[in-house]
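**Q**
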Amino acid sequence: MKRPQHLPFYLFGAVLALLLYGCNTTYEMEVDAIKNPNIQNADSYVIVPRDPEQDVNDLRYMETVAYIKTALSGKGMYEAINALEADMVIEVDYGMEPPRREMKVVEEPVFATIQEPDSYQTVSQRDPKTGRVITYTVRVPGRRSRELIGYQERLVAVIINEKYMELTAKENMLDAVSSDIPAQEIWSVRVRNYDENDDLREYLPIMAASVADYVGEDTETNHKVRLKDNDEVVDFIKRGIIATRPEEAIDATDSIGANQFSEDNNI
1 MKRPQHLPFY
11 LFGAVLALLL
21 YGCNTTYEME
31 VDAIKNPNIQ
41 NADSYVIVPR
51 DPEQDVNDLR
61 YMETVAYIKT
71 ALSGKGMYEA
81 INALEADMVI
91 EVDYGMEPPR
101 REMKVVEEPV
111 FATIQEPDSY
121 QTVSQRDPKT
131 GRVITYTVRV
141 PGRRSRELIG
151 YQERLVAVII
161 NEKYMELTAK
171 ENMLDAVSSD
181 IPAQEIWSVR
191 VRNYDENDDL
201 REYLPIMAAS
211 VADYVGEDTE
221 TNHKVRLKDN
231 DEVVDFIKRG
241 IIATRPEEAI
251 DATDSIGANQ
261 FSEDNNI
């Protein structure tokens with residue numbers, strides 16, 4: 001068992017509260033990104049859902065797309081006015097996997113009651129009848145406190161909710177003559193979170209913020225990203241600052257189905 005220096009119980013409580021507050025607002029994401037080095041300078045896009053059954057008028061979908069557009073604007077990308085003239089088509093997928101149970105080792109604080117030794121005090125008192133001063137010794141009980149003395153590990157079962165967001169950019173072949181040649185993948189970013197929280201909506205801007213730094217990059221391996229709710233990039237995503245576009249710009253998802261694009265175009 002680990003043994004820290006003794007802290008007064010009230011002080012430990014204050015420190016623990018601060019630590020818990022910080023933990024509750026910190027999100028850990030796992031990011032995996034790849035890119036096609038043979039395709040460069042793809043800046044304009046149209047967004048379509050990967051799932052052809054996705055209702056593009058669904059409020060959750062529209063909110064997610066708004067976050068994604070903000071993230072892409074931070075990379076200098078913008079939504080094309082004309083879907084046919086876009087450099088790429090970005091397929092979007094997000095959601096939450098069925099919950100699963102996992103075993104996890106947690107550290108729990110161990111407290112003990114600390115009894116300080118008794119002390120003795122000399123007390124003088126005048127006898128009202130005789131006037132004599134009587135001196136005697138009294139015992140004063142030592143202070144008792146509850147203090148942290150260490151930590152112990154315990155194996156507990158937790159429910160893990162895996163949240164994810166995936167963006168895959170492909171060549172825009174909307175104006176191409178029917179062909180068996182699939183569109184090439186330009187880049188792809190996958191963000192995942194594994195924790196006990198089952199509020200997908202809370203995590204959507206966080207996952208979009210994680211995407212922002214990895215669009216068009218190649219991580220080679222999974223990267224761990226930690227973000228807080230008040231980080232600048234998260235605030236940027238939540239405020240919905242997107243690249244300016246003309247009002248007549250069409251929503252490509254009204255006329256384009258994700259089924260027009262191949263699902264199996266890996267680089």
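Numbering (the working numbering), first residue to last: 1 to 267.
Glycine included, every Cβ here is placed at the ideal spot set by N, Cα and C.
Name the two residues that bound the continuous alpha helix (DSSP H) containing P205.
**A** 200-212
**Q** What's the C-alpha gap between Y67 and D235?
**A** 11 Å
**Q** Where does the unbroken beta strand (DSSP E) through K238 begin, and where does it stop?
**A** Careful: K238 lies outside any beta strand (DSSP E), inside the alpha helix (DSSP H) at 232-238.
**Q** Who are the Cβ neighbours of G76 in its own chain at under 6 Å, not counting the five residues just before and after it?
**A** none
**Q** Tell me the rounded alpha-carbon separation between I90 and K104.
**A** 37 Å
**Q** Can you give me the start and stop residues for the alpha helix (DSSP H) that V65 sits inside?
**A** 59-73
**Q** Quickly, what does DSSP pair R50 with across the bridge? List them, please.
**A** Bridge partners of R50: none, in fact.
**Q** Under 8 Å by Cβ, that's how I've got T70 and A208 pegged, so tell me the actual separation to the nearest angstrom.
**A** Indeed, because the Cβ distance is near 7 Å, the residues count as touching under 8 Å.
**Q** Using only the alpha-carbon positions, how far apart do G150 and E108 sit?
**A** 9 Å
**Q** For S255, which three-state DSSP category applies?
**A** Here the model assigns S255 a pLDDT of 40, short of 50, so the residue's position is not dependable, and the following value carries that caveat. DSSP places S255 in coil when its eight states are reduced to three.
**Q** Less than 7 Å separating the Cβ of A71 from some heavy atom of the ligand MG?
**A** Among the ligands in the structure shown, none appear at all, so the ligand MG cannot be discussed.
**Q** Out of Y203, Q115, Q121, V191, which one is the CA nearest neighbour of S145?
**A** Comparing Cα positions, the closest option is Q115.
**Q** Could you tell me the distance, in whole angstroms, from the CA atom of A42 to the CA atom of P182?
**A** 18 Å
**Q** For the putative contact between N161 and N197, defined by C-beta atoms under 8 Å, what is the C-beta separation to the nearest angstrom?
**A** 6 Å
**Q** Rounded to the nearest angstrom, what separates L155 and L148 at their Cα positions?
**A** 21 Å
**Q** Near Q54, what residues of its chain come up, given a Cβ to Cβ distance below 7 Å and the 5 sequence neighbours on each side ignored?
**A** Counting only residues of its own chain and dropping the five nearest sequence neighbours on each side, Q54 has a CB closer than 7 Å to the CB of Y61.
**Q** If you count every other CB in all the chains shown that lies within 10 Å of the CB of N230, and 16 or more means buried, which is it?
**A** exposed
**Q** Just to confirm before moving on: does the CB-CB distance between S124 and V133 stay below 8 Å?
**A** yes
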